[in-house]
Structures are given as C-alpha cells and as structure tokens.
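Report on the following structure.
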Amino acid sequence: MFARTLPVLLFLSVLFSHSASDASGYRNFGVFYSHSDTEHLTSSEIAWLQEAGVTWLMVEEVLSDSTRNEIRDAGFSLYVMVPEFYPVPYRLTAASFQYAERANAILRNYRHDPAVMGFGLFAYGKWQQPVLISRLQQLADPYINEQVLFTLDPRPISGDDLQPFDGTVMLTRDAGQLAYQLAQDPGLSGILYAPVKRRVSVRDFQIVMQLLDEHRDLPVFFPRNWFIWNSIGDVSHESNLAQITGFYYRVSDARVANPAPDSRDNDFDLSIVFLLAIWGFFAAVYRLNPVYRNSIERFFLNYNFFVNDVLMRRIRLSVESIITFVLSAFLSGLIAYAIAEIYLDSVSREALLYHLRFVPAGWTHPMIFFFIFFILAAFINAFQIAWLRLANRQHAQTYQVATFILWPQYLNLLFVSIGVILLRSFPSEYIVAIMIFLYWTITLVSFFAAAYNMRRIHPTSPLYMALTYVLFILVSTSVLSWLVYRLDFISAWSLANSLASF
5 MFARTLPVLL FLSVLFSHSA SDASGYRNFG VFYSHSDTEH LTSSEIAWLQ
55 EAGVTWLMVE EVLSDSTRNE IRDAGFSLYV MVPEFYPVPY RLTAASFQYA
105 ERANAILRNY RHDPAVMGFG LFAYGKWQQP VLISRLQQLA DPYINEQVLF
155 TLDPRPISGD DLQPFDGTVM LTRDAGQLAY QLAQDPGLSG ILYAPVKRRV
205 SVRDFQIVMQ LLDEHRDLPV FFPRNWFIWN SIGDVSHESN LAQITGFYYR
255 VSDARVANPA PDSRDNDFDL SIVFLLAIWG FFAAVYRLNP VYRNSIERFF
305 LNYNFFVNDV LMRRIRLSVE SIITFVLSAF LSGLIAYAIA EIYLDSVSRE
355 ALLYHLRFVP AGWTHPMIFF FIFFILAAFI NAFQIAWLRL ANRQHAQTYQ
405 VATFILWPQY LNLLFVSIGV ILLRSFPSEY IVAIMIFLYW TITLVSFFAA
455 AYNMRRIHPT SPLYMALTYV LFILVSTSVL SWLVYRLDFI SAWSLANSLA
505 SF
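End of the sequence shown sits at 506 in the numbering used here; the numbers just go up one at a time, nothing left out.
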C-alpha cells in the first residue's frame with residue numbers, strides 16, 4: 005500500500021516544486037560532514053543533495069576554494085564546526101592542547117564567506133565557568149558578524165547556561181527524546197537527527213517533523229553516511245530518505261504514510277544475560293566441586309579455621325583460585341557493561357572513552373567497557389597476588405596468597421548482582437557510584453586481609469610492613485592521582501554523566 009502511495013505523493017510534490025523552489029523550501033534539511041566524510045563533497049553529490057531538498061551543510065574542516073564556490077553557487081548555507089569534541093575545562097585553558105590555535109586556523113578561513121551562517125565551538129563539552137565563557141567569547145568575536153555562535157550537544161540548554169553561545173545544534177536520537185528536549189525550551193540553532201539504528205524509521209521521522217512544525221526555519225541535519233545509506237543504499241521506496249526529505253521540502257503540509265511498526269524491535273538487555281551466565285557458572289561449579297563448595301562455606305562461616313587450613317596446606321585450591329580469578333574479572337566487566345548499556349548512551353560513552361587515549365575514536369559499544377574493566381581487574385588481582393607472593397616467597401605458595409586475596413571478592417558477586425538489577429529498574433548515578441566503590445573497595449581491601457593472614461606463619465618485621473602496607477598504599481595513591489589529574493577522569497565522568505541525562 006505504502007509503496008504505491010509514496011510515488012503518487014512525490015509526483016504531486018513535483019507539481020508544487022516550481023512555486024516552492026522560487027522561494028525557500030518548506031523545510032530546511034542539512035547534512036553533517038565529519039572530518040572523514042568531506043572528501044565525498046563533490047559536484048555530483050552537491051547536485052544530488054539539492055534534489056533531496058538539502059540546503060544546509062555542516063563541516064569540520066577547511067574546504068577547498070572550488071568546493072566552497074560550488075556550495076555558494078548551489079545556494080547552500082553553511083555551518084562550520086571546530087572539530088574539538090568532549091572537551092573538559094582543562095583542554096581549553098592548558099596551552100599544551102592548543103585549542104585556540106586549532107580553532108583560529110579553521111575560523112579565519114571562513115571569515116568572509118557569505119555562505120557561512122554560523123560557527124560552532126566546544127562540542128559536547130563543559131564550559132559553564134566564567135573564565136571559559138570569556139575565553140570562548142574572545143575566540144569567536146573576531147569572526148562573528150551576522151553569523152550565530154553555536155555548540156553541538158544533546159542537552160537542551162537555554163538562558164544563562166548557554167552563554168556565550170547563541171544556540172545549540174541539538175543532537176537527538178528519536179522522536180521521544182526530541183519531545184523531552186523541546187519541552188525544556190532550549191535555545192536552538194539546529195537539530196542533528198542521528199538515530200542509533202542504521203535504518204531510518206519513517207514513523208519516527210514523521211513524528212520528528214510534526215514536533216518541529218513550529219520550527220520550520222530550523223535546519224535539521226543528518227550524519228552524511230547515515231543519510232546516504234538510507235537514500236541510495238539497500239532501501240525500499242517507503243524508506244528512501246532522500247525522496248522523503250525532498251517531499252517535505254517542496255510540500256507545505258507533507259505527510260507520509262507510515263509503515264507497520266517493526267515487531268522485532270525489543271529492548272534486549274545483555275547485562276542480564278551476563279548476570280545469569282555468571283550465576284549459572286557459579287552454581288554449576290559449586291554443585292560439582294565439593295572442595296570449592298566447602299571452601300566458600302567455611303570462608304564465610306568459619307573464617308579462622310579456613311585460614312589455618314590454607315596456611316597449614318590441609319586444603320589446596322589451585323584450580324579453584326583460577327576459577328575465582330576469572331569470575332572476579334568477569335564481574336568487573338559486567339559492572340562496566342551494565343553502566344555503559346543501561347545508564348550511558350553512545351555520546352556519553354564516547355565522551356568517557358575519548359579521554360582514554362588508548363581506545364580508538366568511534367569505539368563506543370558497551371563491550372569495549374566490558375573488556376577494559378575485565379583486563380583491569382585481572383591485572384590488579386594478578387599484581388596483588390604477585391606482590392604478596394614475592395613478599396612471602398620463602399614460606400608461601402601462590403595458591404595460598406591467591407585464595408586469601410580472591411575469596412573475599414565473592415562478596416562482589418552479591419553486590420554486583422543487586423546493583424545491576426537496581427540499575428536496570430532505576431538508572432541512577434548513585435547506584436553506579438556505589439557499585440564501583442564497593443567492587444574496588446573489596447578488591448583492594450582483600451590485599452590487606454591477605455597480607456595480615458600471611459604473617460600468621462611468619463614473624464612480622466618492619467621490612468614486611470613497609471613492602472606490603474605502606475608501599476602498596478603509596479603505589480595505589482599515585483595511580484589514582486594520575487587518573488584524576490593527568491587523565492582528567494573525574495571531569496570526564498562528570499561530562500559523560502551530564503550528557504547521559506538526555
């Protein structure tokens with residue numbers, strides 16, 4: 005039905021195209037060309053975009069003179085975005101990051117370009133501090149004449165919080181999010197419609213157009229690759245986005261028939277699957293391995309006797325220690341995956357990973373967080389075991405040290421399970437903070453408990469105390485300070501947390 009209806013509607017739009025094209029279109033559509041996409045901005049693509057009703061472009065780099073001439077000749081309007089994403093305050097104020105130099109290098113090339121309608125700075129960033137507001141204003145002033153100064157962000161910012169910007173090109177993923185954002189009455193310079201799903205939802209897009217019916221002069225941008233794929237990729241007539249935007253551009257009261265909703269669209273939560281898999285694995289080993297089962301029961305119900313049996317080598321838990329080692333690392337990965345999947349979104353995940361420089365740009369899938377935390381927990385536990393093994397190398401076995409370090413971490417199995425379930429029902433930064441705090445507190449405190457247990461069979465000496473408690477605290481504090489101050493991890497999390505709220 006819809007496949008027959010759309011061609012008729014498009015034919016009718018052609019009848020109106022002459023009158024509509026003489027003036028401006030009824031809708032303003034644009035395409036966002038990221039740094040890697042600019043090479044595709046050719047004469048043929050510009051002509052094709054015109055046919056699709058696109059009249060705006062947003063770019064992140066200096067275009068060649070010939071390309072800019074073609075853009076002007078085609079009557080396109082241009083937004084220029086300085087490609088500095090997810091900045092925290094330190095990146096603007098520190099001379100080593102050279103933000104002002106990079107911004108000036110781009111902005112000065114567009115200073116006298118009549119096609120430029122606005123300049124964008126500090127995308128997805130935190131700038132609401134007087135000193136930063138002043139610096140951003142000073143940076144933009146030489147280039148602003150009639151143009152607007154905007155930022156790119158999913159947060160519906162307005163009023164004093166928006167200074168020094170005139171408006172926001174607001175990222176939105178779907179109609180539901182846009183309705184919530186518009187209810188906050190944000191100051192807008194445009195919309196970046198970038199759904200998470202690869203294939204466009206005609207139903208969702210039409211609702212977006214309805215929500216923006218009173219903002220027809222507002223440009224609605226699409227990511228270039230997403231727009232192209234949904235226009236000339238493997239698409240059917242009813243989901244050809246270029247035809248749909250062309251129709252909306254040329255017809256004032258455009259309406260497109262909605263296809264049936266996708267019945268396969270369900271909210272599949274892999275974190276719950278991981279949690280069930282962990283409990284299934286634990287239950288199977290607990291049931292099939294009596295030594296393992298007895299060790300856990302005795303650790304929690306008869307701790308002193310358990311410690312003595314391990315020290316006197318009455319029980320040996322070599323294989324069981326390996327199982328617990330992997331289980332603890334898996335729990336750490338589950339925490340990270342659940343937070344990334346349930347609490348964060350793709351923008352806030354990328355904001356957080358952007359400050360971890362060993363993660364390639366664009367890697368935002370929650371499994372990236374899983375692997376990072378899995379490896380981190382495995383490394384820390386291995387480091388703790390190796391440390392105490394060296395400190396007690398004359399009278400201890402590796403499995404003894406590993407048992408004392410790893411068995412307290414079975415508490416994490418309970419706390420992480422409760423945390424994931426609560427986070428699923430009540431996404432909250434407090435639940436996130438409590439889960440992370442409890443996991444790492446138990447993991448690190450287990451080192452001191454193990455160090456204390458090992459001294460039962462060896463006289464305590466000042467050297468032993470220095471090599472375990474004191475030095476370990478110094479190393480841990482140094483690493484934590486490096487994360488906080490060198491990588492700006494606290495600022496990065498604060499930014500990701502604020503982006504996740506919308």
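Backbone N, C-alpha and C define an ideal beta-carbon position, used for all residues, glycine too.
Limits of the unbroken alpha helix (DSSP H) element including residue i
i      : result
GLY250 : 245-254
ASP257 : It is not in any alpha helix (DSSP H) - ASP257 carries neither H nor E in the DSSP assignment.
GLY423 : 414-429
THR447 : 433-458
ILE476 : Residue identity differs from the one stated: residue 476 is Phe in this sequence, not Ile. Here the alpha helix (DSSP H) through PHE476 covers 475-485.
ILE494 : 493-504
THR195 : First, the amino acid is wrong: residue 195 is Ile here, not Thr. Looking at the DSSP string, ILE195 is not in any alpha helix (DSSP H); the run it does join, the beta strand (DSSP E), is 192-197.
GLY34  : Here GLY34 belongs to no alpha helix (DSSP H); instead the beta strand (DSSP E) covers 33-37.
GLU533 : Lying outside 5 to 506, the shown extent of the chain, residue 533 is not represented and no answer is given.
VAL212 : 206-215
VAL405 : 402-410
ILE161 : Unbroken run through ILE161: none, as it is neither H nor E.
LEU356 : 350-358
ALA98  : First-last for ALA98: undefined, no H or E at that position.
GLN54  : 47-55
GLU43  : GLU43 -> no alpha helix (DSSP H), and no H or E assigned at all.
ILE75  : 69-77
ILE148 : First-last for ILE148: undefined, no H or E at that position.
GLN388 : 370-395
8 Å contact criterion, which residue i and residue j should meet: CB distance rounded
i      : j      : result
ALA198 : LEU175 : 6 Å
ASN234 : ARG203 : 7 Å
ALA454 : ILE409 : 5 Å
VAL289 : ILE327 : 6 Å
ALA119 : ILE50  : The pair is not a contact, with the Cβ atoms about 12 Å apart (cut-off 8 Å).
VAL58  : VAL84  : Not quite, the Cβ-Cβ distance comes to about 17 Å (not below 8 Å), so this is no contact.
PHE419 : LEU448 : At roughly 14 Å, the Cβ-Cβ gap does not stay under 8 Å, so PHE419 and LEU448 are not in contact.
LEU125 : ALA104 : With a Cβ gap of about 10 Å, LEU125 and ALA104 do not count as contacting.
GLN167 : ILE137 : 5 Å
ASN32  : PRO223 : 4 Å
Beta-bridge partners of residue i, as assigned by DSSP
i      : result
ALA127 : PHE89
ASP3   : The question about residue 3 has no answer here: the residues shown for the chain are numbered 5 through 506.
PRO227 : PHE36
TYR83  : MET62, GLY122
THR172 : THR155, LEU192
Contact check, residue i vs residue j, beta carbons under 8 Å
i      : j      : result
ALA509 : GLU88  : With the chain covering only 5 through 506, there is no way to say anything about residue 509.
PRO364 : GLU345 : no
LEU503 : VAL351 : yes
PHE190 : GLY129 : Position check: residue 190 holds Pro in this sequence, whereas Phe was assumed. Result no, Cβ atoms of PRO190 and GLY129 do not sit closer than 8 Å.
SER193 : ASP170 : yes
THR472 : ALA406 : no
ASN385 : SER332 : yes
LEU208 : ALA179 : Correcting the residue type first, residue 208 is Asp in the shown sequence and not Leu. Contact flag set, yes.
PHE225 : GLY34  : yes
ARG428 : ASP313 : no
MET121 : GLN151 : yes
TRP52  : SER81  : no
SER373 : TYR341 : The displayed chain sequence assigns Phe, not Ser, to residue 373. It is a contact, given that the beta carbons lie within the stated cut-off.
GLN398 : PHE451 : no
TRP530 : PHE476 : Only positions 5 to 506 of the chain appear in the structure, and residue 530 is not among them; the question remains open.
Where the beta strand (DSSP E) through residue i begins and ends
i      : result
MET316 : Careful: MET316 lies outside any beta strand (DSSP E) and carries neither H nor E.
GLY284 : Here GLY284 belongs to no beta strand (DSSP E); instead the alpha helix (DSSP H) covers 274-292.
PHE154 : 152-157
LEU61  : 58-63
Cβ shell of residue i (< 8 Å), same chain only, five flanking positions each side left out
i      : result
TYR393 : Here residue 393 turns out to be Arg, not Tyr, going by the sequence shown. Result list for ARG393: ALA400, THR402, VAL405, in chain order.
ASP165 : GLN132
THR42  : VAL63, GLU64, GLU65, LEU67
ALA496 : TYR90, VAL92, ALA355, LEU356, TYR358, HIS359
SER243 : ARG203, VAL204, VAL206, ASN234, PRO263
Nonlocal neighbours in the same chain, by C-beta distance under 7 Å from residue i, ignoring five residues either side
i      : result
GLN185 : PRO160, MET174, THR176, PHE506
PRO227 : PHE36, ALA198
LEU279 : LEU338, SER421, VAL424
SER336 : PHE377, PHE378, LEU380, ALA381, TYR443
THR481 : none
PHE231 : VAL35, LEU245
Neighbourhood of residue i by C-beta distance below 6 Å, restricted to the same chain and skipping five residues each side
i      : result
ILE343 : VAL436
ALA246 : ALA56, SER235
LEU16  : Any reading at LEU16 needs caution, since the residue's pLDDT is 43, under 50, leaving its predicted position unreliable; the model's value is listed next. Once the five neighbours on either side are set aside, LEU16 has no close Cβ partner at all.
GLU354 : THR368
HIS22  : Residue confidence is low: HIS22 scores 39 on pLDDT, short of 50, so the model does not pin down where it sits. Its coordinate-derived value is still stated next. There are no such residues.
LEU426 : ILE435
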